[in-house]
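Per the numbering used here, the sequence shown starts with residue 2, numbered consecutively.
Glycine included, every Cβ here is placed at the ideal spot set by N, Cα and C.
For clarity, every value in this text was computed on a predicted model and none was experimentally measured.
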Amino acid sequence: MLKPLHAFNEMEALAREGRRGWHVVDYGYLFHLVEASSQKWEHRRLWWPSRRRRRLLEEEGWQLVVPSDFDSPWAYYKRRLDEPAEPGTSPSAGS
Numbered sequence: 002m003l004k005p006l007h008a009f010n011e012m013e014a015l016a017r018e019g020r021r022g023w024h025v026v027d028y029g030y031l032f033h034l035v036e037a038s039s040q041k042w043e044h045r046r047l048w049w050p051s052r053r054r055r056r057l058l059e060e061e062g063w064q065l066v067v068p069s070d071f072d073s074p075w076a077y078y079k080r081r082l083d084e085p086a087e088p089g090t091s092p093s094a095g096s
């Protein structure tokens, strides 16, 4: 779990951890729950994307991350890259 995260540090933390093979599976107030994989990931945050924008993202391989119990105007997307993850340890908190 990555925490504490907020609008000013979360994308940097997700980029760093995505290079190490961690990707978001859930999120909520001040945190992102991540899961390990052997591939690099990239993440995006969008403000209430339109249906058209969502469809275009899905066509480009982006997956919507749906929060389990959090209502947010932000939509988070993730996409697996065809590159092996960089070596690293457990995810570090956003700072």
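TODO: Spatial neighbours of GLU87 within its chain, please: CB distance less than 6 Å, with the 5 preceding and 5 following residues excluded, ordered by chain position.
DONE: Mapped onto the sequence shown, residue 87 falls at position 86. For GLU87, where only same-chain residues beyond five positions count, the Cβ hits under 6 Å are ARG20 and ARG21.
Open item on the list: Helix, strand or coil, according to DSSP, for ALA86 in the structure here?
Closed with: Taking the first residue of the sequence shown as 1, we reach residue 86 at position 85. Three-state result, ALA86: coil.
Task: Exposure label - TRP48; buried when at least 16 CB within 10 Å - done: Taking the sequence shown and counting its residues from 1, one reaches residue 48 at position 47. TRP48 is exposed by the Cβ-count criterion.
Task: Neighbour-count burial assignment, TYR30, 16 or more Cβ in a 10 Å radius - done: Taking the first residue of the sequence shown as position 1, residue 30 is located at position 29. Exposed, since its Cβ has fewer than 16 Cβ neighbours within 10 Å.
Task: Beta-bridge pairing of TRP42 - partner residues as DSSP gives them - done: Indexing the sequence shown from 1 puts residue 42 at position 41. Answer by DSSP bridge pairing, in chain order: ARG81.
Open item on the list: Please report the straight-line C-alpha distance between PRO68 and GLU60, rounded to a whole angstrom.
Closed with: As a position in the sequence shown, residue 68 is number 67, starting the count at 1. As a position in the sequence shown, residue 60 is number 59, starting the count at 1. One C-alpha to the other measures close to 21 Å.
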